[in-house]
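Heads up: the structure comes next, in structure tokens.
Residue numbers (our numbering): 19 to 243.
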């Protein structure tokens with residue numbers, strides 16, 4: 019009986035889920051504007067296990083969203099996942115955040131999926147997948163312009179979603195392009211299929227050396243005097 023804990027903190031959505039043999043048992047999440055992952059993530063995990071009548075030592079592994087995304091959110095999620103794996107001596111499973119986001123969309127045969135997360139200014143983090151959710155272009159940073167995603171124009175319907183997709187509206191040519199506005203943030207419950215497949219294939223991470231996938235270096239803005 020494989021119980022996996024799933025942790026998603028790459029965006030403002032703090033989300034945890036529990037699965038059993040690939041099936042969702044329970045999910046808890048919060049995406050309020052003033053919500054702090056550092057204050058609530060451990061409480062969410064405790065509540066999740068309690069409501070599922072499960073002890074932490076019954077976990078078979080921990081899956082974590084590795085980025086790209088918020089530097090602080092990723093650091094909190096990954097450090098929590100690593101701590102649990104160390105304490106329970108269980109494997110760590112890493113899932114790309116944009117792949118998590120893509121799992122929430124049910125495509126048709128001709129769709130090209132382009133999940134994207136807001137970076138800064140006119141920049142987004144994006145990934146391109148086909149209708150089978152196979153990766154056509156690995157995760158990249160893109161400054162949105164009229165030339166963005168040009169290589170995929172005419173190859174199928176382009177489906178943009180995620181909290182960075184709005185930056186493309188009115189800029190990227192809209193022929194055969196749709197926007198799924200209701201799909202903004204990744205959720206831990208959408209990690210389950212990929213995490214279960216990796217767990218069963220023993221595709222796990224070295225807990226000691228594992229780091230989030232920030233894609234770009236952390237930056238900060240100096241306070242003006």
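Don't be surprised by glycine CBs; every beta carbon is placed ideally from N, CA and C.
On a predicted model such as this, the values are computed, not experimentally measured, just so you know.
Item                                                                               : Value
Three-state class that DSSP yields for residue 81 in the structure shown           : strand
Every unbroken alpha helix (DSSP H) inside the stretch 84-167 [4 residues or more] : 89-106 and 115-120
C-alpha distance - residue 130 paired with residue 178, whole-angstrom precision   : 9 Å
Beta-bridge partners of residue 76, as assigned by DSSP                            : None, per the DSSP bridge assignment.
Nearest to residue 193 (by Cα), restricted to the options 213, 203, 168 and 201    : 168
Residue 113 burial status per 10 Å Cβ neighbour count (16 or more: buried)         : buried
Straight-line gap, residue 158 to residue 29 (C-alpha atoms, nearest Å)            : 17 Å
Collapsed DSSP secondary structure at residue 222 in the structure displayed       : coil
C-beta contact flag for residue 208 and residue 118 at 8 Å                         : yes
Range of the contiguous beta strand (DSSP E) that encloses residue 36              : 32-38
Reference residue 164; option with closest CA among 147, 186, 182 and 150          : 186
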